[in-house]
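Only one structure is covered here, and it is reproduced in the block below.
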């Protein structure tokens, strides 16, 4: 005698208990603290803050711990928390020209006012496993490192400004227009550049990396040079209505990338360099460079270029598929029960097969058994 | 009820009141233009996209403390996701819940319409994965919105025609497209086409929420809803050609249950509440036992 499957509630509770146990792992091994994750897995924390759209290293570290290191799950935890927070207002635009740079490089000029500052980069390391890190108490590497260069007080103007003096690169018209916010208004297409930037900076690093890579391989080539890449702290200022002026409410770490791209000119514009732009929370170079390439690719219409019909130029394709929380949710939902839909497909296939087999003699239409 | 009565620092039914107002405006617009997909600023919810975030937001915006909520997935109250969503509202809204269709004031559903007819005092909230009925014919939202605006549904008819030319029948068995009030073509969510006739002239308010796609649409009570077809190939609501093996019902949608690895199977009502109450009333199917 068949008994309808019951017990979903008990199964869920038991699964959650098992999940908590698996998360902890072997209890003979010391538990990770949130502070350890925040300090020692900082690039993971940065990614969770950037794609979670919330600058809070402690919460991002907590999310990584809770998600067992699954960064997209951690991003999701942060998003779901962020959406419940009240909004008190908006900051003034941050001034990245006044950034206290930890790293600042240009691939277009050998030297520039402010100099090239390598900072903490993997770029010139040899990718050899460092077994010293595996040994207990292998903390000497920190002692060997030189004193971190005190943040250079010399001003570091944006490198694009040098090109700008000769009119060789496009200028961005200043605007006081309030940028859109896709977390408060549904995205309307076509989206302006500010809204695209918001969608991209929250977007999945891997997706944007691949799109940017595709433009380098010929699917919408933009001939990009890294004009400047800078990482450092900027002050966040807010206008306080009661005071009548802006005060600094905190500091955040940002990565900014500006690419310099060729532009052939159009009927109305002489040839000139154009720009792609990327700005991300924390130290996230790969993401910032990817953003600038994708940003530049998406600007083809406003620059009067010919569309090449490639993915990176297709704003609807890019913007609708960049969000990994949306993508992973929809992808993984197919593991939820679909008994009812499958049952109706089963009936349909049986019916179509029965009809096809009942009429095999029809010469002009051989019995197809294509199941979609 | 004040938020303090239930769990937590969260507001009644999780969403803050400003968000609920935004969603209610979208719902009202949807009711005013039946079948039209209203964009709304969907929020991240504490369950993943694809798990019913649209339905959950619509439910949260509609719930009042006096409500009695029923949640079904595949017609059943005890499937894991239905349990999870019901628990979510028990916890964040502290409202009463039920498994009995007739006792519920609000029913959130995934993939089914209850067999028991609904009343004017009820709201049925559907979870919708892809709200755009034209999406698989035209992937671009900018294009499909234009097609709806111009009432340009030729592409859909061509698709249905091609189905008939190829298979002798329209090869769509769930999420079967409908026309609402002689105007908008609408995706009824992935309900089996067996349920399509229940969409039309229904006494209850039917609301559809798609969270990831940021769309809400609605069927006000007693709206005319027609499943697309051709005169010579009229729409047919189909189901397995059996009676329920537990309650003997011949008019309810059935799940096929595999009993062993030798081809043994049985058919049971997908609507568990409908089946339970029929058995309680003394109906017995050929594999059932008297209640």
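Chains as they are written, first to last, in this note's numbering: chain A, 29 to 400; chain F, 22 to 312. Glycine residues also receive a C-beta, built at the ideal position from the N, C-alpha and C atoms.
Just so you know, the alpha carbons of residue 130 (chain F) and residue 361 (chain A) end up roughly 15 Å apart.
For residue 151 (chain A), there is no enclosing alpha helix (DSSP H), as DSSP marks it with neither H nor E. With contacts defined as CB atoms closer than 9 Å, residue 232 (chain F) and residue 268 (chain F) fail to qualify as a contacting pair. Within the stretch 182 to 194 of chain F, those residues whose Cβ lies closer than 9 Å to any Cβ of chain A are, in chain order, 187, 188, 189, 190, 192, 193, 194.
By the neighbour-count criterion, in which a residue is buried when 16 or more other Cβ atoms sit within 10 angstroms of its Cβ, residue 122 (chain F) is buried. Under DSSP, residue 288 (chain F) forms a beta bridge with F:277. Of all residues in the stretch 107 to 134 of chain F, only 132, 133 come within less than 7 Å of chain A when Cβ atoms are compared, listed by chain position. By the C-beta density criterion, residue 271 (chain F) is exposed, having fewer than 16 other C-beta atoms within 10 angstroms. For residue 160 (chain A), the number of other beta carbons within 10 angstroms of its own is below 16, and it is reported as exposed. Excluding the 5 residues flanking it on each side, residue 184 (chain F) has same chain C-beta neighbours closer than 6 Å at 191, 192, in chain order. Around residue 105 (chain A), the same chain offers 91, 94, 95 as residues with beta carbons nearer than 7 Å, after the five sequence neighbours per side are excluded. Counting along the chain, the unbroken alpha helix (DSSP H) around residue 39 (chain A) starts and ends at 36 to 52. Counting only runs of 3+ residues, the beta strand (DSSP E) found wholly inside the stretch 235 to 281 of chain F occupies 236 to 240, 246 to 248, 275 to 279, in chain order. Selection F:274, F:165, F:49, F:301 evaluated against residue 372 (chain A) yields F:274 as nearest (Cα-Cα).
The stretch 169 to 255 of chain A contains, as complete alpha helix (DSSP H) runs of 4+ residues, the segments 188 to 192, 221 to 229, 233 to 244 (chain order).
When DSSP assignments are scanned along the stretch 168 to 207 of chain F, the uninterrupted stretches of beta strand (DSSP E) that are 3 or more residues long and fall wholly within it turn out to be 199 to 201, 205 to 207. DSSP, read as helix, strand or coil, puts residue 285 (chain A) in strand. Under the three-state reduction of DSSP, residue 128 (chain F) is assigned to strand.
In the three-state DSSP reduction, residue 146 (chain F) falls in the strand class (E or B).
Look at residue 100 (chain F): its C-beta is under 9 Å from a C-beta on chain A. DSSP places residue 128 (chain A) in the uninterrupted beta strand (DSSP E) bounded by 128 to 133. Setting aside the 5 residues that flank it on each side, residue 218 (chain A) is surrounded in the same chain by 343, each with a C-beta closer than 7 Å to its C-beta; the list follows chain order. Residue pairing by DSSP places residue 91 (chain F) opposite F:128 in a beta bridge.
Of all residues in the stretch 65 to 95 of chain F, those with a C-beta nearer than 8 Å to a C-beta of chain A are 65, 66, 67, 69, 70, 71, 72, 74, 94, 95, reading in chain order. With a 10 Å radius around the Cβ and a threshold of 16 neighbouring Cβ atoms, residue 61 (chain A) comes out exposed.
When DSSP reads this structure, residue 32 (chain F) sits in a beta bridge with F:35. For residue 302 (chain A), the uninterrupted beta strand (DSSP E) segment begins and ends at 302 to 309. Taking 9 Å as the threshold, the shortest C-beta distance from residue 325 (chain A) to chain F does not fall below it. Here the alpha carbons of residue 52 (chain F) and residue 245 (chain F) stand approximately 13 Å from one another.
Neighbours of residue 94 (chain A) in chain F, taken as residues whose beta carbon is under 7 Å from its own, are absent, since the nearest beta carbon is some 13 Å off. Contact between the stretch 366 to 383 of chain A and the stretch 212 to 230 of chain F is present, with at least three C-beta pairs closer than 8 Å. Between residue 224 (chain A) and residue 323 (chain A), the gap from beta carbon to beta carbon is short of 9 Å. Within its own chain, the residues whose Cβ lies closer than 6 Å to the Cβ of residue 309 (chain F), once the five positions on either side in sequence are excluded, are 267, listed in chain order. Among the residues of chain F, those whose CB is under 8 Å from the CB of residue 39 (chain A) are 101, following chain order. Residue 295 (chain F): member of the alpha helix (DSSP H) spanning 293 to 301, first to last residue. For the stretch 219 to 245 of chain F, the set of residues with a beta-carbon nearer than 7 Å to any beta-carbon of chain A comprises 233, 235, in chain order.
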